[in-house]
Amino acid sequence: DLKAFDVVLNEADVDTLQERPRFGVVAQTTQPIDRVRQIVSLIRQRFPNAKVVFTDTVCQPTKQRQSAAIELAAQCDVVVVVGGANSNNTRELVATCSRHCERAHHVQTAADLRPEWFTGAETVGITAGTSTPDPLIDSVERAIGELTAHREEGSRGPDCRFELNAA
């Protein structure tokens, strides 16, 4: 008995919703669960008399990968997220990492890496979108090692931490 629907992309979109007696909320499977819960909370605050039902459709690997990315980014000077430009999952990982690490970068291939990203870095983290092929991740890892190996005499390259399979 769905009579109307709205697409809510962010918190500001909640202000555009029309009052209804009930709201059903589902989310794209790759959305960060914290963002979805925040939007549901805002709908409940804006419409306290409405029945708001949230059906959690966010996939478990996405939830786990987002949590692992937060933990990784908080421990690193630089985070590199590997994945396709059109992958929503990868874009969300980049956004998540950027909130917890000022130097988060998205690459599609090792050729996208820039040496200046690693200047002064002690710890580099690598994560990837769920559909990113392992050989691509491996090539980015090797390239980071090569880029950081040419540091000043006596200094060592950064430690690397990897969060690839949070499931």
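Number 167 in our numbering belongs to position 155 of the sequence shown; there are no gaps in the numbering. Idealized CB from N, CA, C, for every residue including glycine. Source: prediction; values computed, not measured.
Query raised in the report: Any idea what DSSP makes of Val20, helix, strand or coil?
Result: Within the sequence shown, numbered from 1, the residue matching residue 20 stands at position 8. If DSSP states are grouped into helix, strand and coil, Val20 belongs with coil.
Query raised in the report: Name the DSSP beta bridge partners of Arg34, please?
Result: As a position in the sequence shown, residue 34 is number 22, starting the count at 1. For Arg34, DSSP records a beta bridge to Lys63.
Report task. Give every residue of the same chain whose Cβ lies closer than 7 Å to the Cβ of Cys88, excluding the five residues on either side of it in the sequence, and list them in chain order. Result -> As a working note, residue 88 is residue 76 in the sequence shown. The beta carbon of Cys88 sits closer than 7 Å to those of Cys113, Thr135, Val136, Gly137, Arg173, all from its chain and outside the five residues before and after it, given in chain order.
Query raised in the report: So who's on the other strand from His118, going by DSSP bridges?
Result: To locate residue 118, count along the sequence shown from 1; it is residue 106. His118 has Val93 as its beta-bridge partners, per DSSP.
Query raised in the report: Straight-line CA distance for Asp18 to Val94?
Result: Your numbering for residue 18 matches position 6 in the sequence shown. Your numbering for residue 94 matches position 82 in the sequence shown. So the two alpha carbons sit approximately 32 Å from each other.
Report task. Measure the alpha-carbon distance for Thr69 versus Ile82 and round it to whole angstroms. Result -> By 1-based counting over the sequence shown, the position of residue 69 is 57. By 1-based counting over the sequence shown, the position of residue 82 is 70. Answer to the nearest angstrom: the Cα atoms are 21 Å apart.
Report task. With a threshold of 16 other CB atoms inside 10 Å of the CB of Gly132, please say whether the residue is buried or exposed. Result -> On the sequence shown, position 120 is the one that residue 132 refers to. It counts as exposed.
Query raised in the report: Is it true that the stretch 57-76 meets the stretch 113-123, where meeting means three or more beta-carbon pairs spaced less than 8 Å apart?
Result: Result no; under three Cβ-Cβ pairs closer than 8 Å.
Requested in this report: May I ask which residues mark the beginning and end of the alpha helix (DSSP H) holding Leu29?
Outcome: Counted from its first residue, the sequence shown places residue 29 at position 17. From DSSP, Leu29 is part of no alpha helix (DSSP H); its letter is neither H nor E.
Report task. Determine the closest residue to Glu31 out of Pro44, Gln50, Arg56, with distance taken between C-alpha atoms. Result -> Working through the sequence shown from its first residue, we reach residue 31 at position 19. Nearest to Glu31 by C-alpha distance, out of Pro44, Gln50, Arg56, is Arg56.
Query raised in the report: Does the Cβ of Leu21 have 16 or more other Cβ atoms within 10 Å, making it buried, or fewer, making it exposed?
Result: Residue 21 sits at position 9 when you count from the first residue of the sequence shown. Under this definition Leu21 is an exposed residue.
**Report entry** Cβ contact check for the stretch 119-129 and the stretch 146-157: 3 or more pairs under 8 Å
**Finding:** Counting C-beta pairs closer than 8 Å gives three or more between the stretch 119-129 and the stretch 146-157, which meets the contact rule.
Query raised in the report: If you count every other CB in all the chains shown that lies within 10 Å of the CB of Glu5, and 16 or more means buried, which is it?
Result: Because the chain spans 13 through 179 in this model, residue 5 falls outside it and cannot be assessed.
Query raised in the report: What's the C-alpha gap between Val92 and Cys109?
Result: If you number the sequence shown from 1, residue 92 lands on position 80. If you number the sequence shown from 1, residue 109 lands on position 97. When only Cα atoms are considered, Val92 and Cys109 end up about 9 Å apart.
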